[in-house]
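In the working numbering, the protein residues as written are 1 to 192.
Every residue, glycine too, gets a C-beta built ideally from N, C-alpha and C.
Keep in mind it's a predicted model, so treat the numbers as computed, not measured.
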């Protein structure tokens, strides 16, 4: 016989525990700070307009000052004077880029001149004969290339015409087969 159906004469009793200063986590206050909108989220924080151009110029000025090793310029007051100084920094940055390009171009020219000298030294008198032959071969190759292009274009047009004819025939078949009155005799009996 099981003990499940017997009455409980001595129920379980818990201890009387002394409550200390500990609190359960769910009893602690939560969400004690309000969230406020930041710039870029819309609302009152975005009401003031930002001068993005001025910010960009200031950031560029700070960057150029840092790369040159000096302290960034601290300008205050006149906007025109501030923009003129920043514009000068921008132009000087552009000038550095132009100088770099000129140096690269000079190096490229020097290399080309050296290779021309090497080519001129290795050239021989029979160059003119070989040039005439190469021009004739080039002209012949150009004619063959034009012929091949023309043949491919004709072939492509023929394929497109054939494809269009097939699509038209398919469409005609679909239209004719879609009408149950024109379709061949079908059994419309329903099975039970």
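What's the C-alpha gap between residue i and residue j?
i	j	result
residue 176	residue 168	12 Å
residue 130	residue 103	38 Å
residue 28	residue 48	39 Å
residue 107	residue 141	37 Å
residue 33	residue 39	19 Å
residue 5	residue 17	32 Å
residue 68	residue 101	20 Å
residue 157	residue 148	14 Å
residue 154	residue 165	17 Å
Considering only their Cβ atoms, is the gap separating residue j from residue i smaller than 8 Å?
i	j	result
residue 30	residue 37	no
Would you identify the three-state DSSP class for residue i, choosing helix, strand or coil?
i	result
residue 175	helix
residue 187	coil
residue 68	helix
residue 106	helix
residue 8	coil
residue 19	coil
residue 197	Because the chain is modelled from 1 through 192, residue 197 falls outside the range shown and cannot be assessed.
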